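These notes concern the structure reproduced below.
Protein chains: 2
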Amino acid sequence: MEISSRSDIAYQALRRAIIEQALAPGTKLREDEIGAHFGISRTLVRAALMRLSQEGLVEIKRKRTATVAIPSLDEAREIFEVRHCLEQQIVQRLTAHWRPEMGETLEAHVNEEEAAAQRGDTASASRLAGEFHIVLARLAGNALLARYLSEVVSRCSLILAVYGRPHVAECATAEHRNVIAALRARDAAASISIMNEHLHAVEARALPRPQEAEDVRISDILARYSTAG
Amino acid sequence: MEISSRSDIAYQALRRAIIEQALAPGTKLREDEIGAHFGISRTLVRAALMRLSQEGLVEIKRKRTATVAIPSLDEAREIFEVRHCLEQQIVQRLTAHWRPEMGETLEAHVNEEEAAAQRGDTASASRLAGEFHIVLARLAGNALLARYLSEVVSRCSLILAVYGRPHVAECATAEHRNVIAALRARDAAASISIMNEHLHAVEARALPRPQEAEDVRISDILARYSTAG
DNA sequence: ATCCTAAATCACGTATACATGAATGGGTCC
DNA sequence: GGACCCATTCATGTATACGTGATTTAGGAT
Chain V
1 MEISSRSDIA YQALRRAIIE QALAPGTKLR EDEIGAHFGI SRTLVRAALM
51 RLSQEGLVEI KRKRTATVAI PSLDEAREIF EVRHCLEQQI VQRLTAHWRP
101 EMGETLEAHV NEEEAAAQRG DTASASRLAG EFHIVLARLA GNALLARYLS
151 EVVSRCSLIL AVYGRPHVAE CATAEHRNVI AALRARDAAA SISIMNEHLH
201 AVEARALPRP QEAEDVRISD ILARYSTAG
Chain G
1001 MEISSRSDIA YQALRRAIIE QALAPGTKLR EDEIGAHFGI SRTLVRAALM
1051 RLSQEGLVEI KRKRTATVAI PSLDEAREIF EVRHCLEQQI VQRLTAHWRP
1101 EMGETLEAHV NEEEAAAQRG DTASASRLAG EFHIVLARLA GNALLARYLS
1151 EVVSRCSLIL AVYGRPHVAE CATAEHRNVI AALRARDAAA SISIMNEHLH
1201 AVEARALPRP QEAEDVRISD ILARYSTAG
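Protein chains in written order, with this note's numbering: chain V, 1 to 229; chain G, 1001 to 1229.
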């Protein structure tokens, strides 16, 4: 049976391309072009784009070509705040209903992250780093929590693409192993604290420090380019 | 300028009808029928239905007429859990950034709830009771948090429709006033505790007690009907 | 060279057509 | 009388057509 409509194929492909930063924020997503690529009509492309738009990965404005979303700094901070809140709940659930095989699953995933990082596949490494949190969410056993977290983690990739320093690989495997260790100990307080630490590290890699952000002015940037450029 | 496409009109109307329980869970939503009512084509109706489906208010299955969603008990519990988590964050933000005029806004809203309840307009009263929490979320100043909460609160109306006792008006105005009072005192711990209490009360009205749910068996129900029916 | 304007092109918004898979009703057989 | 099967009807899945607003390009004036 044909499980997924061809609209889903376009949706999945676009989503992944955006998350892996193959499609940079701001990139135009023309319906015709995408439809031609997948061999589907604009009708189905629009459905995929609308879905991505609801998830905050694509921006759709009336009568304008859709683009990969460019989250503002304010949105970025909002996203991270919600993420903190959701991940805390997830960790709480995990320590409450921990089962040893969860540790195996997580361990296996981190190994994949490490492998991707070691072979220099930064796109996959970033994606897998994000997916680690989605695996956590699924294991926590609340589908809605997992859906929201998945959405929020995807948008963090966008934030990293816009505000993160270039070439900063996620390099989070060590931190992920710490999280697993804390969960295995089933110590809720410690797990939450370690997760919070990790999330702050992720946020620090993705966002400029607050005072930096406020200091940056267009004239400063232009000044840099007028002396040496 | 024509701000909202006509698809939005259908979306808004359907959403409100579902939330006010004018459209009961399980009701069929035929594209032709809806399109004819609003004077739009199926294309636009589909867009509205897809959006509602992503919010969990409508169920869409391939090649089947869309229906108003019927949340399962498991989903219902998941929804309430996420709601707890989000509302806690909202209350935390509110006590941190409290401004006196927020109290006025909230007070005015509760007055509306009360007015609707007193004139016997239970549909509006329920909707306004839910919207109280959405107003809180907006005042908290995190748009994403507000969006998720709005989605979750809408789905609570569905849960109430499916599992709540009939004719149970929400009657939450007193509890809402307690929340406002706690926020005004800017005591985060007390506010969170009062909000948790309120949410548990809401949940108790919407869901059967856990042991009840497990005890209910089809044979029990049939037994009732074979003696007296 | 720059800016403004007008025409042409492009991309989206929406309706509609046609194909296909579900639902329904009538008729037949046991 | 009830259950099964086929034909019909209905509702959705998808492509396409056409109108309109956005965008780009070419040309001319300053």
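Built from N, CA and C at the ideal position, the CB exists for glycine as well. In this text the structure is predicted, and so the values were computed from the model without any measurement.
Original post:
Which residues bound the beta strand (DSSP E) around ALA231 of chain V?
Top reply: Within the shown structure, residues of chain V are numbered from 1 to 229, placing residue 231 of chain V beyond reach of any answer.
Original post:
In chain order, what residues of the same chain lie with their CB nearer than 6 Å to the CB of LEU149 of chain V, ignoring the 5 residues before and after it?
Top reply: Within the same chain, LEU86, ALA137 come within 6 Å of LEU149 of chain V by CB-CB distance, once the 5 residues on both sides are set aside.
Original post:
Which residues bound the alpha helix (DSSP H) around THR27 of chain V?
Top reply: Neither: THR27 of chain V is in no alpha helix (DSSP H) and is coded neither H nor E.
Subject >> Candidates V:HIS97, V:ALA24, V:ILE18, of which the one nearest ASP230 of chain V by Cα >> reply: Residue 230 of chain V lies beyond the stretch modelled for chain V, which goes from 1 to 229, so this question has no answer here.
Original post:
Quick check: the stretch 123 to 143 of chain V against the stretch 63 to 75 of chain V, are there 3 or more CB pairs under 8 Å?
Top reply: As far as the Cβ criterion goes, the stretch 123 to 143 of chain V does not touch the stretch 63 to 75 of chain V, which means the pair count is below three.
Original post:
What does VAL58 of chain V pair with, by DSSP beta-bridge criteria?
Top reply: V:VAL68
Subject >> Near-chain V residues of the stretch 1048 to 1060 of chain G - C-beta to any C-beta below 9 Å >> reply: MET1050, ARG1051, GLN1054, GLU1055, GLY1056
**OP:** Could you spell out the range, first to last residue, of the alpha helix (DSSP H) harbouring ALA174 of chain V?
**Re:** 173 to 184
Original post:
Using the rule of at least 16 other Cβ atoms within 10 Å of the residue's Cβ for burial, across every protein chain shown, is GLU2 of chain V buried or exposed?
Top reply: Legend: pLDDT at GLU2 of chain V = 46, less than 50; position of this residue unreliable, value from coordinates given subsequently. GLU2 of chain V comes out exposed.
Original post:
With a Cβ-Cβ cutoff of 8 Å, do ALA1076 of chain G and LEU1207 of chain G count as a contact?
Top reply: Contact: yes.
Subject >> Within-8 Å CB hit, GLU78 of chain V to chain G >> reply: For GLU78 of chain V, the answer is yes, since a Cβ of chain G falls inside 8 Å of its Cβ.
Subject >> Under the three-state DSSP convention, the category ASN1196 of chain G falls into >> reply: helix
Subject >> Under 8 Å from the C-beta of VAL1045 of chain G: neighbouring residues of chain V >> reply: Correct list: empty, because the minimum Cβ distance to chain V is about 13 Å.
Original post:
Are the Cβ atoms of GLU203 of chain V and PHE80 of chain V separated by less than 8 Å?
Top reply: yes
Subject >> chain G contact for LEU145 of chain V (CB, 8 Å cutoff) >> reply: yes
Original post:
Which whole runs of the alpha helix (DSSP H) in the stretch 1082 to 1124 of chain G are 4 residues long or more, in chain order?
Top reply: 1100 to 1118
**OP:** Excluding the 5 residues preceding and the 5 following VAL45 of chain V in the sequence, name in chain order all residues of the same chain whose CB lies nearer than 7 Å to its CB.
**Re:** ALA10, GLU31, ILE34, GLY35
Original post:
Would a check of beta-carbon distances place LEU86 of chain V closer than 8 Å to chain G?
Top reply: Taking Cβ atoms only, chain G reaches closer than 8 Å to LEU86 of chain V, which makes this a yes.
Original post:
For VAL216 of chain V, does the count of other Cβ atoms within 10 angstroms reach 16, so buried, or fall short, so exposed?
Top reply: Low local confidence applies: a pLDDT of 49 at VAL216 of chain V is under 50, so the model's placement there is unreliable, and no value is given.
Original post:
Is the stretch 179 to 186 of chain V in contact with the stretch 57 to 65 of chain V, if contact means three or more CB pairs nearer than 8 Å?
Top reply: no
Original post:
Using CA coordinates, which residue listed in V:ILE90, V:ARG42, V:GLU131 is at the minimum distance from ARG16 of chain V?
Top reply: V:GLU131
**OP:** Quick one: grab the DSSP three-state call for GLU1075 of chain G.
**Re:** helix
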